[in-house]
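One line per chain: the protein sequences are A and B, in this order.
Residues in the first sequence are numbered consecutively from 27, following the numbering used here.
Residues in the second sequence are numbered consecutively from 64, following the numbering used here.
All remarks here apply to the structure that follows.
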Amino acid sequence: MSTGALLDQDLGSGSEDDNFNPAPAVESDNEGAGDSDPDAKPSTKSGTDRRRSRQSDPDDVKEEDDEGHKDSASVLDGSKPFRGPGLNDEDEAENLNGAGADDEDEDEEDQEEDDDEEDVVSGRPRKRTRRDPRNQYLDVEAEVDEEEDEGDEEDEEGNAEGFIADTHPDDVADLPDGAETDDRRHRELDRQRERLQQLDAEKEAERLRNLYGRSRTTTARDTVTVPKRLLLPSVNDPSIWGVKCKPGKEREVVFSVVRRAEERAQTKNPLPIFSAFERGNSIPGFVYVEARRQADVTAALDGLSNVYPRGDKTVLIPIKEMPDLFRVNKTEQLAIGAYVRIKRGKYVGDLAMIDDVEENGLGVTLRIVPRLDYGQNEDTNAPMIDGGIKGEVQKRKRHAAYGSTNPALRPPQRLFSDAEAKKKHSKHLQSLSTFDKKHWQYMGDQFVNGFLIKDFKLQALITENVNPTLEEVTRFTSGAEDGTENLDLTALATSLKTGTAKDSYLPGDMVEVFEGEQQGVCGKAVSVQGDIVTLSVTQGDLRGQTIDVPSKGLRKRFKEGDHVKVIGGSRFRDEVGMVVQIKKDQVTILSDLSMQEITVFSKDLREASDSGIAGGLGMYDIHDLVQLDPATVGCITKVDRESLRVLDQNGSVRSVVPSQISNRIERRRNAVATDRNGSEIRSDDTVREIGGEQKQGVILHIYRSYLFLHNREQTENSGISVVRATNVATVAAKGGRVAQASSGPDLNKMNPALQRNGVNGNNTMPPPKSFGRDRALGQTVTIRKGAYKGLLGIVKDTTDTEARVELHTKAKTITVGKDTLGFKDPLTGQSIDYQRFSGSRGRGDGGRGASGGATPARDPAWSSNRTPMGIPQGGRTPAWGASARTPAWSGGAGSSARTPAWQQSAMSGGRTPAWGAADGGRTVNPYTDGSRTAYGGGAMGSRTPAWNPAGAGHHDPFSGGRTPGYESSRTPAYSQTPAGSGYGDNWSSSNGTHSSNRAYDAPTPGKDVYAAPTPNGGYASTPAAAASTPKPGYAADAPTPYSGQPETPAADDGPGYDELSD
Amino acid sequence: MSFVPGSQQRHLRACMVCSIVQVQQRFIREGCPNCETFLGLQNHPEDVQQCTSQVFEGLITLADPSSSWVARWQRLDGYVPGVYAVKVVGQLPEETVQSIEDAGGRYIPRDGTVHDDDA
């Protein structure tokens, strides 16, 4: 504190000096002001102002000593007996120090002083502030006492000088030149005496100060020397909690915490946390808070945006893991020659090569392939304001604007051309070198050898994962002096090494250590784990031993003459050749394929086990489809010894080497295109080009809209040609797929509304599917349409829609649509179409059954085997006919032939009874033929009679058996209301009043009907139950649909029926 | 105080010695609160450029440097409360390093190059 007081006193002199140097007034610091005085004075007087070097306290103080002397010395014009001749501060300082322990410091200091003396002009303010920090600490430092003395001394000097300067100007003016000097010498003598007296004290003080000064600073940085392992956290330390936050907002959160902490700092409840931190770069999405309790963490973060302390995501970091949170990975040192990418601006994304790195590693000079338009896009008519200066600015602005905002418009990368620049911008062009034409300044940028040389800050660059492509890298090498594309492999290696280091070594590789202690050791890799290669040494002293070496210190070892294959990331990948020269880790091989010499890294080579022209050629075969570049594919037409001939999609033929092929495109069997008629075409279809050359061929590949065709009769390109899909028409589709040339693609399949498979379905029900063997097979048919109209044939084979018909007339089998066939109705012998033919199936059975004699041979078979089946079949028939299919069919298809057909048959009366007969008849079949006969009789009449025999009871013995069968098969359809109504509708279906609801209800009874066989199986045991169940339903439901119909009596017959079964 | 609004955050710099994070203007105006004795950044923009770095990672706000383990581990105890960085990329000029050593301190780079007695 005494210092402060003393220095305050000094202010007096300072204030005197204010006239001379207003600057000190700015200094709010008393001490600073006091301090500045001595400096200010000499500067005003003699201009010997010198800067102080950047020094820590003790040195600073010491230096100040020197400076104090020096000031005076300079004032005294160097006549200092004690200090020796000249301004050799060093000597003096050492004298003063005596101990000599600080030699280095002194040297350093002197160097800096020397430096400082060089820049006299800028030095002064710097010096002043230099001292401020020290003085901040003066009050607490004992060392200051010493300095204070000196300060005093200096101030005395200053005052003395000030006297000369301030109080004696007149005298000075009066006096002759020597007078002032004399005066100074007197004073200097006095001072020397004084100093001599002080010498011992000074020495002592210096020693003390050194000791003290040191101890002071070391107390401040005591922890620096404490090893980290002693700093490991313990249970007594606060805990750390990790709290989820929005990724990318970690810094914001930390600053929010800062703000909150500062807001609350002076309040009653300061934030109860010790620290908060984030590691957004390595651990995104988390902030960490150091506190004693979790509640404190919540309190600290609650309500802040982007951080979520409330959730259960807040985790306590285990003590062991706490140090890991602060693990710092070394940033890759930027090396000259390495590659980086530019983050923003005109050259965003461009690769750049490092030309120079600033000392602090934060700035680099880059070599960039320029993007210049040389004013081509400038608006030459733009108004030039103020003699072009403003216009210039405008131009620049616009230039920058479009360069940065629209990368699509920026000029392509091209080396700088002075000729180009001269065309429009000769005034902006300036040659910087006289002897060659390689160094230019253009529009404020420097260009060397065609490259732009520019300084960038580290944060404007992408330094990691640069992944330069060879294409980019070659741009930097294409400007080589001899014009050759000679890659600087070493530079490239620095950028690529890390990327390809992995798995470039395999067990069995011969390797050589070229770095580290084991340098020169050769061996065979035994195992590779990550970056560590274990090798067994094959040569030298260590022979037979196994050592582990990091892969970065390894290179593969080859001998000249080895046959090797390029494996790594070079563009010569997959080339095979013979080693002709080895230079360090660069190996020159003579390619087997191109007979050219190529140079690659040894790490990218591997002993080639496959001999000859294995290369990439083995991978490709004729007719393969290969990718040439992202937009081009081609079909291989020829495989030469070392190259391939490829017909690309544009029809041009080129010769490529395997390394130019990026990959082979697998043939996609299910690729589909549409021809010009809209029908789909697939691989292996035969198509013909319409127009053009009328090329025809089998489709080999379909690539987008291009078809690669193969035609054996064509000689050129080995029969391969390329056409557009829209120019071809199908000649023959493979496998008899329907070429729906006229109808086009099946739109129904594409209609999502129709695709929706009806849960509550409103969609149409498909026409009845016939399962199993197509009934058309083997039938004798007539062809009713087309070229073969009228001919007779036998159906040999069918698909869903088509039939292969063997004609009777010619020994020929033709394919025709089924709907063009005329079938012979087995009953009537009249010709019916396929739908009716196949659709009459169930009824046909019935009909056949009803006809009795028609197929007597079958009947026994039916009666014995198919009876149980017969019931479900019979059951299905009503379900199908009565409720579901027919109405659905008619409803959906509108004017389908089915409903009328059905109706027709229904009206004819034959059908329904036949149907009834099918049920009943077959059911009772095992019992008697008579029943069938009866049914047959019924079949001829109306329904009612069919019922009557059943209900009349004159088949008493069978009633038990037949009734359940009858019921089980048919009753469900009857008993269920919708079925009943559906049934009713069926009869009135000519009205077309079906609701789809009814149609859809139909399957239910159908299902029930299918379930029927079960009761049928046990019909004998529970006839009454079976009979009674349908009774009410039948009684209740039947009348409604049948009212007014002849069936009504049948409803009346119900009771009788009941009675019977009861 | 140490709070820096978002708009100013791009001007943040970290002292390469003590890793304190401040905006550049504050470094120039007030210097580094911990290292001013030997760095002397106040009113020396060029020194601020040299001794502080814009490239840093991992912000720590330190409320209580004396009792915080984080501060101890990061060797920040004894420093003023404020915002610090975990990692500061950049290299101090040789002479500055020298002057720190002269001041009795040991300069530990905070750019991840030093992994001494880490475990």
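Yeah, the Cβ is synthetic: ideal placement off N, Cα and C, and Gly gets one too.
Handout entry: Closer than 9 Å to chain B by CB, residue 297 of chain A
Key = The residue you call residue 297 of chain A lines up with position 271 of the first sequence. By this cut-off, residue 297 of chain A is an interface position.
Problem - Test item: CB-CB of residue 575 of chain A and residue 558 of chain A under 9 Å - result: In the first sequence, residue 575 of chain A corresponds to position 549, counting from 1. In the first sequence, residue 558 of chain A corresponds to position 532, counting from 1. Yes.
Problem - Terminal residues of the beta strand (DSSP E) in which residue 572 of chain A lies - result: Here the question's residue 572 of chain A lines up with position 546 in the first sequence. For residue 572 of chain A, the enclosing beta strand (DSSP E) stretches over residues 572–576.
Handout entry: DSSP state of residue 100 of chain B mapped onto helix, strand, coil
Key = Indexing the second sequence from 1 puts residue 100 of chain B at position 37. Three-state result, residue 100 of chain B: helix.
Problem - Close-in-space but distant-in-sequence residues of the same chain around residue 1089 of chain A (CB under 6 Å, 5 per side omitted) - result: Outside the displayed range of chain A (27 to 1088) lies residue 1089 of chain A, so it cannot be described from this structure.
Handout entry: Touching by the beta-carbon criterion (3+ pairs, under 8 Å), the region 358–371 of chain A and the region 321–333 of chain A
Key = Fewer than three Cβ pairs drawn from the region 358–371 of chain A and the region 321–333 of chain A lie within less than 8 Å of each other, which leaves the two stretches out of contact.
Handout entry: Proximity test, Cβ basis, 9 Å: residue 131 of chain B and chain A
Key = The residue you call residue 131 of chain B lines up with position 68 of the second sequence. Interface residue, yes.
Exercise for the section: Note down, in chain order, all residues in the region 272–301 of chain A with a beta-carbon under 7 Å from any beta-carbon belonging to chain B. Expected result: Hits within the stretch, in order: 277, 278, 280, 281, 283, 284, 285, 287, 288, 297, 299, 300, 301.
Handout entry: Proximal residues to residue 140 of chain B (C-beta, below 7 Å), its chain only, five neighbours per side dropped
Key = The residue given as residue 140 of chain B occupies position 77 in the second sequence. Counting only Cβ-Cβ distances below 7 Å, and skipping sequence neighbours, we find 128, 129, 134.
Handout entry: the region 600–607 of chain A contacting the region 542–556 of chain A, beta-carbon criterion three pairs below 8 Å
Key = Touching, no, given that fewer than three Cβ pairs across the two stretches are closer than 8 Å.
Handout entry: Residues of the region 102–136 of chain B with Cβ closer than 7 Å to any Cβ of chain A, in chain order
Key = So the list reads 103, 105, 106, 107, 113, 116, 117, 118, 120, 121, 122, 123, 124, 125, 126, 127, 130, 131, 132, 133, 134, 135, 136, given in the order they occur along the chain.
Handout entry: Residue-chain proximity (residue 552 of chain A, chain B), Cβ-Cβ < 9 Å
Key = On the first sequence, position 526 is the one that residue 552 of chain A refers to. Output row for residue 552 of chain A: interface = no.
Practice task
Work out the CA separation of residue 581 of chain A and residue 608 of chain A for me, nearest whole Å.
Solution key: Taking the first residue of the first sequence as 1, we reach residue 608 of chain A at position 582. Taking the first residue of the first sequence as 1, we reach residue 581 of chain A at position 555. Distance between the alpha carbons of residue 608 of chain A and residue 581 of chain A: 12 Å.
Practice task
Report the three-state DSSP secondary structure of residue 116 of chain B (helix, strand or coil).
Solution key: Against the second sequence, residue 116 of chain B aligns to sequence position 53. Strand, per DSSP.
Handout entry: Straight-line Cα distance separating residue 848 of chain A from residue 812 of chain A
Key = The residue given as residue 812 of chain A occupies position 786 in the first sequence. The residue given as residue 848 of chain A occupies position 822 in the first sequence. Rounded to the nearest whole angstrom, the C-alpha separation of residue 812 of chain A and residue 848 of chain A is 13 Å.
Exercise for the section: Would you kindly check if the distance between the Cβ of residue 281 of chain A and the Cβ of residue 122 of chain B is under 9 Å? Expected result: The residue given as residue 122 of chain B occupies position 59 in the second sequence. The residue given as residue 281 of chain A occupies position 255 in the first sequence. The answer is yes: Cβ separation under 9 Å.
Practice task
Name, please, each residue of chain B whose Cβ falls closer than 9 Å to the Cβ of residue 355 of chain A.
Solution key: Reading the first sequence from its first residue, position 329 is the one you call residue 355 of chain A. Here the neighbours are 150, 175.
Problem - Residue burial classification, residue 219 of chain A (beta-carbon count within 10 angstroms, cutoff 16) - result: The residue given as residue 219 of chain A occupies position 193 in the first sequence. Exposed, by the Cβ-count rule.
Exercise for the section: Starting from the Cα of residue 692 of chain A, find the closest Cα among A:661, A:827, A:371 and give me that residue. Expected result: In the first sequence, counting from the first residue as 1, residue 692 of chain A sits at position 666. A check of alpha carbon separations from residue 692 of chain A across A:661, A:827, A:371 identifies A:661 as the nearest.
Exercise for the section: May I ask you to report which of helix, strand or coil DSSP gives residue 743 of chain A? Expected result: Mapped onto the first sequence, residue 743 of chain A falls at position 717. Helix at residue 743 of chain A.
Exercise for the section: Name, please, each residue of chain B whose Cβ falls closer than 7 Å to the Cβ of residue 601 of chain A. Expected result: Here residue 601 of chain A refers to the residue found at position 575 when the first sequence is read from its first residue. The contacting residues do not exist; residue 601 of chain A stays about 40 Å from chain B at best.
Problem - With 16 other Cβ atoms within 10 Å as the buried cut-off, status of residue 798 of chain A - result: Walking along the first sequence from the start, residue 798 of chain A turns up at place 772. Residue 798 of chain A should be labelled exposed.
Exercise for the section: Give the DSSP bridge partners of residue 226 of chain A, in chain order. Expected result: One-based indexing of the first sequence puts residue 226 of chain A at position 200. The partner list for residue 226 of chain A (beta bridge, DSSP) is empty, contrary to what the question assumes.
Handout entry: Minimum Cβ-Cβ distance from residue 67 of chain B to chain A less than 9 Å
Key = Position 4 of the second sequence, counted from the first residue, corresponds to residue 67 of chain B. At least one chain A Cβ lies under 9 Å of residue 67 of chain B.
Practice task
Answer with yes or no whether the minimum CB distance from residue 72 of chain B to chain A is below 9 Å.
Solution key: One-based indexing of the second sequence puts residue 72 of chain B at position 9. Between residue 72 of chain B and chain A, the shortest Cβ-Cβ separation is below 9 Å.
Practice task
May I ask you to report which of helix, strand or coil DSSP gives residue 25 of chain A?
Solution key: The shown model of chain A, from 27 to 1088, leaves out residue 25 of chain A, and the question about it has no answer.
Exercise for the section: Please determine if the region 169–176 of chain B and the region 146–155 of chain B are in contact, where contact requires at least 3 C-beta pairs separated by less than 8 Å. Expected result: Because the criterion of three Cβ pairs below 8 Å is met, the region 169–176 of chain B and the region 146–155 of chain B touch.
Exercise for the section: Would you mind telling me which residues of chain A sit closer than 8 Å to residue 154 of chain B, beta carbon to beta carbon, in chain order? Expected result: Within the second sequence, the letter at position 91 stands for residue 154 of chain B. In chain order: 385, 386, 387.
Exercise for the section: Measure the alpha-carbon distance for residue 143 of chain A versus residue 384 of chain A and round it to whole angstroms. Expected result: Start at 1 with the first residue of the first sequence, and residue 143 of chain A comes out as number 117. Start at 1 with the first residue of the first sequence, and residue 384 of chain A comes out as number 358. Reliability fails at residue 143 of chain A, whose pLDDT of 44 lies under 50, so the model's placement of it is uncertain and the value that follows must be treated cautiously. Residue 143 of chain A and residue 384 of chain A: Cα-Cα distance of roughly 25 Å.
Exercise for the section: Figure out for me which residue from A:234, A:297, A:279, A:302 has the closest Cα to the Cα of residue 267 of chain A. Expected result: Locating residue 267 of chain A in the first sequence gives position 241, where the first residue counts as 1. Of the candidates A:234, A:297, A:279, A:302, the residue whose Cα lies closest to the Cα of residue 267 of chain A is A:302.
Exercise for the section: Give the residues from the region 335–354 of chain A that approach chain E closer than 9 Å (Cβ to any Cβ), ordered along the chain. Expected result: In the displayed structure, chain E is absent; the protein chains listed are A and B.
Handout entry: Collapsed DSSP secondary structure at residue 814 of chain A in the structure displayed
Key = Here residue 814 of chain A corresponds to residue number 788 of the first sequence, with the count starting at 1. In the displayed model, residue 814 of chain A falls within coil according to three-state DSSP, outside both helix and strand.
Problem - Cα-Cα separation between residue 713 of chain A and residue 675 of chain A, rounded to whole angstroms - result: To locate residue 713 of chain A, count along the first sequence from 1; it is residue 687. To locate residue 675 of chain A, count along the first sequence from 1; it is residue 649. So the alpha carbons of these two residues sit roughly 17 Å apart.
Problem - Exposure label - residue 743 of chain A; buried when at least 16 CB within 10 Å - result: If you number the first sequence from 1, residue 743 of chain A lands on position 717. Under this definition residue 743 of chain A is a buried residue.
Problem - chain B contact residues for residue 304 of chain A, given Cβ-Cβ distances below 7 Å - result: Position 278 of the first sequence, counting from 1, holds the residue named residue 304 of chain A. Those within 7 Å of residue 304 of chain A in chain B are 121, 122.
Exercise for the section: Return the CA-CA distance between residue 856 of chain A and residue 831 of chain A, expressed in angstroms with no decimal places. Expected result: Here residue 856 of chain A refers to the residue found at position 830 when the first sequence is read from its first residue. Here residue 831 of chain A refers to the residue found at position 805 when the first sequence is read from its first residue. CA-CA distance, residue 856 of chain A to residue 831 of chain A, rounds to 19 Å.
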